[in-house]
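Colleague: Residue numbers (the working numbering): 154 to 572. A virtual CB, placed ideally from N, CA and C, is assigned to each residue, including glycine. Nothing here was measured: the structure is a model prediction, and the numbers come from that model.
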Ligand code: AMP
Ligand code: GLY
């Protein structure tokens, strides 16, 4: 079977790495990929958002299954286009992907389905938002309704933060509509399933570390590290999440004629003594959560995704009982800026540490053949271990073998400060 993975990050490297191990897979392509994906797949120079060129490629080369990593091609309608052309693809349609791109759309579905989530109000004008915030008072959470590259959420603990938050959303991000939400308190975790809209195949749990600095300080990032499984979610909780969140969500989406297929990312807050509450849904796998879960998947990921894309009966995917940890190494200036061209040393030595695999994200090969930085998040160094401590010891032993100028990395991944 021939597989095409769309994207160029650490998530896509981990997907290619795992798919290439399937006995059924004879060929993996990655578009556009990175120097890491070129070790387990063949890179294709087509951008992830050039959906018609991707469809032409899949048709011409007889791709049996396309798997989409990032949200941009999903929102652009890659799944709709492939299906129209009779090409098998795993992911949500553009209308279903709105559960990620519109927080208002996601909230409406949650309310209709009775899914536990923070109480909220949608404000259509700045005046309305100011009045409502004044009336409610702190603490509260302000959210832009739309993709805002991780900068659309402001948690406000006092009236000055509310004032600054409104200025940020209306004057800096220039949003039209915001949601004002109740502040939830508790650990954050995420849970992933693969689905065809009806069948739900749990993939597993993780938690990530969103802020750039030690102790979860500084600006938000795409994620500086991840742990799977997350100790915050027991296996009993996972069943509750499927029953109280995933099943009702999928049923409501089917009833609206926009069934959700693909990887569903359920972002959770776990308030003490209450049911898990949804903070957000994403219409794709997480990054770096994918990297840790790919380390733990034991069964044949390809068969699962192929069956789900075909509407056939899917088999559950066993997960190892080990713990996997990912530590992201980012380039100088991240997350405000990023620096390219810094030579990366020690990659091979890092992979010799027991239980370690290094996934590439923002890397490139320079003119003389050196691996260099080429973007914000550069590498995700992963390790598995029998315990969280063992996985952390291994991952940081490997991280120390890698070096590049200006490297940004947290040394507390695996610790308690993720939210
Ligand atoms: P989101 O983009 O909706 O995932 O929000 C980004 C981050 O803001 C989350 O990971 C939480 O840390 C925080 N957050 C969002 N909504 C809430 C809420 N209702 N209560 C507390 N924290 C929140
Ligand atoms: N690590 C968070 C995300 O992928 O959205």
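Is it the case that the Cβ atoms of residue 439 and residue 564 are separated by a distance below 8 Å?
Modeller: no
Colleague: Could you give the distance in angstroms between the alpha-carbon of residue 555 and the alpha-carbon of residue 515?
Modeller: 15 Å
Colleague: Give the straight-line distance between the Cα atoms of residue 308 and residue 192, rounded to the nearest whole angstrom.
Modeller: Distance between the alpha carbons of residue 308 and residue 192 is about 42 Å.
Colleague: So, does the region 362–375 touch the region 431–438, judging by three or more C-beta pairs under 8 Å?
Modeller: no
Colleague: Assess contact between the region 257–268 and the region 282–295, defined as three or more Cβ pairs (one per stretch) separated by less than 8 Å. Is contact present?
Modeller: no
Colleague: Can you give me the start and stop residues for the alpha helix (DSSP H) that residue 261 sits inside?
Modeller: 256–266
Colleague: CA-CA distance, residue 335 and residue 448?
Modeller: 36 Å
Colleague: Assuming residue 215 and residue 155 make a contact with CB atoms under 8 Å, what is their CB distance in whole Å?
Modeller: 6 Å
Colleague: Just list the residues that DSSP pairs residue 275 with in beta bridges.
Modeller: In the DSSP output, where bridge partners are listed per residue, residue 275 has 332.
Colleague: Considering only DSSP beta bridges, list what residue 565 is partnered with.
Modeller: Per DSSP, none; premise fails for residue 565.
Colleague: Once the 5 residues before and after residue 220 are set aside, which same chain residues still bring their CB inside 8 Å of it?
Modeller: Cβ within range, chain order: 156, 157, 158, 159, 168, 172, 242, 243, 244, 458.
Colleague: Pull every residue with its beta-carbon under 5 Å away from any heavy atom of the ligand GLY, and keep them in chain order.
Modeller: 361, 376, 439, 440
Colleague: Taking C-alpha atoms, which residue in 257, 324, 475, 451 lies nearest to residue 277?
Modeller: 257
Colleague: Is the beta carbon of residue 422 sitting closer than 8 Å to the one on residue 341?
Modeller: yes
Colleague: Quick test of your reading: residue 401 and residue 267, contact by CB under 8 Å. State the CB separation rounded to the nearest angstrom.
Modeller: 6 Å
Colleague: Report, in whole angstroms, the separation of the C-beta atoms of residue 255 and residue 299, which I expect to be a contact under 8 Å.
Modeller: 6 Å
Colleague: Compute the Euclidean distance between the alpha carbons of residue 134 and residue 526, then round it to the nearest angstrom.
Modeller: For residue 134 there is no data in the structure shown, the boundaries of the chain being 154 and 572.
Colleague: Have a look at the DSSP bridge pairing and note the partners of residue 180.
Modeller: Note: residue 180 sits in a beta bridge opposite 155.
Colleague: Helix, strand or coil: which one does DSSP assign to residue 315?
Modeller: helix
Colleague: Could you tell me which of 460, 162, 570, 174 sits nearest to residue 380, measuring between CA atoms?
Modeller: Of the listed residues, the one whose Cα sits closest to residue 380 is 570.
Colleague: Residue 496 to residue 488, Cα distance in whole Å?
Modeller: 19 Å
Colleague: Expressed to the nearest angstrom, what Euclidean distance is found between the alpha-carbon atoms of residue 557 and residue 374?
Modeller: 20 Å
Colleague: With 16 other CB atoms within 10 Å as the buried threshold, where does residue 451 fall?
Modeller: exposed
Colleague: Are there any heavy atoms of the ligand AMP lying less than 7 Å away from the beta-carbon of residue 250, as far as the coordinates show?
Modeller: no
Colleague: I'd like the list of long-range same chain contacts for residue 234, defined as Cβ closer than 6 Å, with 5 residues on each side in sequence excluded.
Modeller: Cβ neighbours of residue 234 beyond the five flanking positions: 204, 208.
Colleague: Short of 6 Å in beta carbon distance, which residues of its chain neighbour residue 275, apart from the five on each side in sequence? Order them along the chain.
Modeller: Answer for residue 275: 257, 332, listed in chain order.
Colleague: Quick one: is residue 534 buried, meaning 16 or more other Cβ sit within 10 Å of its Cβ, or exposed?
Modeller: buried
Colleague: For residue 134 and residue 175, which I take to be in contact (beta-carbon distance under 8 Å), what is that distance rounded to the nearest angstrom?
Modeller: What the structure shows of the chain is the stretch from 154 to 572, and residue 134 is not part of that stretch, so it cannot be assessed.
Colleague: From the DSSP secondary-structure annotation, give me the bridge partner or partners of residue 373.
Modeller: According to DSSP, residue 373 bridges with 364.
Colleague: Looking at residue 347 and residue 461, is the spacing between their C-beta atoms short of 8 Å?
Modeller: yes
Colleague: Is it the case that the Cβ atoms of residue 232 and residue 377 are separated by a distance below 8 Å?
Modeller: no
Colleague: Measuring alpha carbon to alpha carbon, tell me which of 416, 566, 310, 211 ends up nearest residue 253.
Modeller: Looking at the Cα atoms, 416 is the closest of the given residues.
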